[in-house]
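Undergrad: Mind having a look at this structure? Questions to follow.
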Amino acid sequence: MYMSLIVQLRDARTLSPAELNVAQYIIGHPKEVLTLSCSQLAKRTYTSASTVVRLCKRIGIKGFPEFKVQLASELNTFTKNSLHIKENRQIKPDDSLDSIIQMITDINIDSLKEAKILLDDQVLERVVAAIDKAKIIDIYGVGASHFVALDANYKFLRVGKNSATYALSDQQYIQAQNSDEEHLAIIFSYSGQTKELLELAEVLSKNGTMIVSVTSSTDNDLMRLADESIFVSARETIFRSAAISSRITMLNVIDVLYTAYSNLHYEATLESLAKTHIEKTKSRRG
């Protein structure tokens, strides 16, 4: 699967301070970097040529010349998608409401555009086929990701697909223990490193359950335990714990999977939606 260099550099968690300097410079000046030699980039970032090469190797590229070729190709893709390449923008104490509205909206728009680039058609086709085949879908997530799991569960139930999700960790553990090869597990975890979910994934794997992970684009343990991996992007603000754009990009994945699955059963979906429609307005009694 093609993985954005910019995304990998921005989301990397294990860089040394020197490598981080180089990564941040590339993110902030991608077009300029295309005109620089390895030693020139090292000079601009107060690092060394060996640091630049080491950073390239960390993201699976042999050297700086190859990195520039891939970066040039990626910049064309970003231009076509009108994606703004920026480091995570930060909210300041003196920001006005107007500037906050603009910033959050821009972050979410950019995250969704970036998410589109990260989505792999072939992976999505296989996941939709697995959803169709599964007797039941077990959906997992903790914290903010649990609310994403709830949305997925609600959507699939509405179209007549057997699915389940639970809030309590004990319930999720029982859910995983009772799973088998007729089940499909979809696990939402932005970090891909949540201990409880990794333990559940190991149980699911032992039980022969197919696992689909939905995580950030960084290397993580959950994607290594999964049979299929879907990647999302997020451009969080300083209030990262709010998980604003990561939630939106995960919800986007749900909408894609739900719509693609529903399209396989178009008429049946319309019938199920009509049947499960809940009338929320009640006539007032005088």
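full-length UniProt numbering puts the first residue of the sequence shown at 1, with every later residue one more than the last.
Glycine residues also receive a C-beta, built at the ideal position from the N, C-alpha and C atoms.
(1) Please name the residue or residues paired with H183 in a DSSP beta bridge.
(2) Less than 8 Å separating the beta-carbons of R126 and E271?
(3) Per DSSP, what kind of secondary structure is T51 in: helix, strand or coil?
(4) Any heavy atom of the ligand HEM inside 7 Å of the beta-carbon of P93?
(5) Return yes when the Cβ of A260 is within less than 8 Å of the Cβ of L124, no when it is not.
(6) Alpha helix (DSSP H) containing V148: first to last residue?
(7) Between A185 and V159, is the Cβ-Cβ spacing less than 8 Å?
(8) Per DSSP, what kind of secondary structure is S262 in: helix, strand or coil?
(9) What are the boundary residues of the alpha helix (DSSP H) that includes T105?
(10) Assign S229 to one of three DSSP states: helix, strand, or coil.
(11) Go to S4, then tell me how far its beta strand (DSSP E) extends in each direction, as first and last residue.
(12) Hey, how far is the Cα of L197 from the Cα of K43?
(13) Rounding to the nearest angstrom, what Cα-Cα distance links A226 and Q177 in this structure?
(14) Can you tell me whether DSSP reads I85 as helix, strand or coil?
(15) Sort out for me which residues DSSP pairs A164 with in a bridge.
TA: By the coordinates alone:
(1) I136
(2) no
(3) helix
(4) By its list of ligands, the structure shown contains no ligand whatsoever, and the ligand HEM lies outside what it can speak to.
(5) yes
(6) A144 to R158
(7) no
(8) helix
(9) L97 to L118
(10) strand
(11) From DSSP, S4 is part of no beta strand (DSSP E); its letter is neither H nor E.
(12) 43 Å
(13) 17 Å
(14) Only weak support is given to the placement of I85: the predicted model assigns it a pLDDT of 48, under 50, and the value that follows is read from those uncertain coordinates. It is coil, neither helix nor strand.
(15) D138
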